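Visitor:
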Amino acid sequence: MRLLILSTIFLILMSPSNTMSVTFKSSVEQTGLMELYTSEGCSSCPPADRWMSELKDEDGLWNEFIPMSFHVDYWDYIGWKDRFASPQNSDRQRQYAKEKSLKTVYTPGFVYNGQEWRGWFARRFRQLPAGQEPGVLELEILDDFATARFLPQNGNHISLLLNVALLGFDLKTQVKAGENRGRESPHDFVVLGVDTAAFKANNNIYQSKLRLPETAISAPRYAIVAWVSKRGKQAPIQATGGWIPKP
């Protein structure tokens with residue numbers, strides 16, 4: 469299935485209406501990375517999922533902010549197994565708690581640029597914390613590889629990591645058990661897979677390359693997101709991404 473999904477993306481990039489590759493580039497200003505931790509087994513999560521879907525039409529998407537929906541698996545035991553959930557997503561949220569970026573682990577839970585954000589509960593989207601100017605991140609998708617280059621404003625970074633996520637859109641699930649039994653759950657910005665690789669520095673230019681993340685889930689539409697983090701810390705330094713063009 470991994471080969472099927474990656475071949476689909478490859479064919480999109482190779483179609484006559486598209487170039488051989490797709491490139492994304494941030495500005496010097498920090499692109500905000502918004503992470504939602506959610507579950508199809510959580511009765512409080514559907515409103516947050518719907519709100520995330522609305523961000524597809526929000527001005528500034530991909531350039532000013534990038535949403536990502538991480539489905540956690542710690543609610544699977546109460547009656548419904550979330551097909552998008554993974555232990556890795558749950559571990560990522562728990563790691564934020566260990567780093568004191570979250571007071572506790574819960575759903576729906578938002579993290580913005582590595583810090584807990586409760587503004588969603590009051591719908592204060594345009595009151596997000598101001599970002600910094602970390603530098604420019606460039607990402608090229610060619611075949612089934614992602615190649616990144618980061619030019620930091622501050623050259624004191626020692627060990628940096630490239631993180632690349634494949635996002636799925638226009639996904640729907642008929643929930644047949646658990647707290648959301650009988651509901652249809654629509655989802656966007658769903659993290660279908662994440663891979664990480666180390667950056668190599670050369671004269672304050674950081675470069676890295678990795679294969680696109682694996683997934684067994686087919687989606688009507690895809691996007692790619694990349695972000696830079698320090699080794700041992702989850703908080704994003706800079707991010708970029710965008711839609712995989714339709715053929």
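Take our numbering: the final residue in the sequence shown is number 715, and no numbers are missing along the way. Ideal placement from N, C-alpha and C gives every residue a C-beta, glycine not left out. A quick note: this is a predicted structure, and the numbers were derived from the prediction, not measured.
(1) Between the region 542-557 and the region 690-700, can you find at least three pairs of beta-carbon atoms closer than 8 Å?
(2) Going by C-alpha distance, which of Phe-578, Tyr-564 and Ser-511 is nearest Gly-650?
(3) With a cut-off of 8 Å on the beta carbons, I'd call Glu-532 and Thr-499 a contact; round off their distance for me.
(4) Please state whether the Cβ-Cβ distance between Tyr-505 and Gln-583 is less than 8 Å.
(5) Quick check on Ile-626: buried or exposed, where buried means 16 or more other Cβ atoms within 10 Å of its Cβ?
(6) Give the straight-line distance between the Cα atoms of Asp-517 and His-655, rounded to the nearest whole angstrom.
(7) Using a 10 Å radius around the Cβ and a threshold of 16 neighbouring Cβ atoms, would you call Glu-601 buried or exposed?
(8) Grab the span of the alpha helix (DSSP H) containing Asp-559 for me, first residue to last.
(9) Can you tell me where the alpha helix (DSSP H) with Ala-684 in it begins and where it stops?
(10) Quick test of your reading: Phe-637 and Met-520, contact by CB under 8 Å. State the CB separation rounded to the nearest angstrom.
(11) Would you kindly check if the distance between the Cβ of Gly-709 and the Cβ of Trp-530 is under 8 Å?
Guide: Concretely, from the data shown:
(1) no
(2) The residue labelled residue 650 in the question sits at position 182 within the sequence shown. For the residues Phe-578, Tyr-564 and Ser-511, the minimum Cα distance to Gly-650 belongs to Ser-511.
(3) Residue mapping note: residue 532 aligns to position 64 of the sequence shown, counting from 1. Residue mapping note: residue 499 aligns to position 31 of the sequence shown, counting from 1. With a beta-carbon spacing of about 6 Å, Glu-532 and Thr-499 fall inside the 8 Å limit used to define contacts.
(4) Here residue 505 is taken as the residue at index 37 of the sequence shown, counted from 1. Here residue 583 is taken as the residue at index 115 of the sequence shown, counted from 1. Between Tyr-505 and Gln-583, the CB-CB gap reaches or exceeds 8 Å.
(5) On the sequence shown, position 158 is the one that residue 626 refers to. The residue is exposed, with fewer than 16 neighbouring Cβ atoms inside 10 Å.
(6) Here residue 517 corresponds to residue number 49 of the sequence shown, with the count starting at 1. Here residue 655 corresponds to residue number 187 of the sequence shown, with the count starting at 1. Answer to the nearest angstrom: the Cα atoms are 6 Å apart.
(7) Residue mapping note: residue 601 aligns to position 133 of the sequence shown, counting from 1. Classification of Glu-601: exposed, given that the 10 Å Cβ count is below 16.
(8) Here residue 559 is taken as the residue at index 91 of the sequence shown, counted from 1. Here the alpha helix (DSSP H) through Asp-559 covers 555-566.
(9) On the sequence shown, position 216 is the one that residue 684 refers to. Where Ala-684 is concerned, there is no enclosing alpha helix (DSSP H), given that its DSSP letter is neither H nor E.
(10) In the sequence shown, residue 637 corresponds to position 169, counting from 1. In the sequence shown, residue 520 corresponds to position 52, counting from 1. Actually they are not in contact, since the Cβ atoms of Phe-637 and Met-520 sit about 11 Å apart, beyond 8 Å.
(11) Within the sequence shown, the letter at position 62 stands for residue 530. Within the sequence shown, the letter at position 241 stands for residue 709. Yes, Cβ-Cβ distance for Trp-530 and Gly-709 is below 8 Å.
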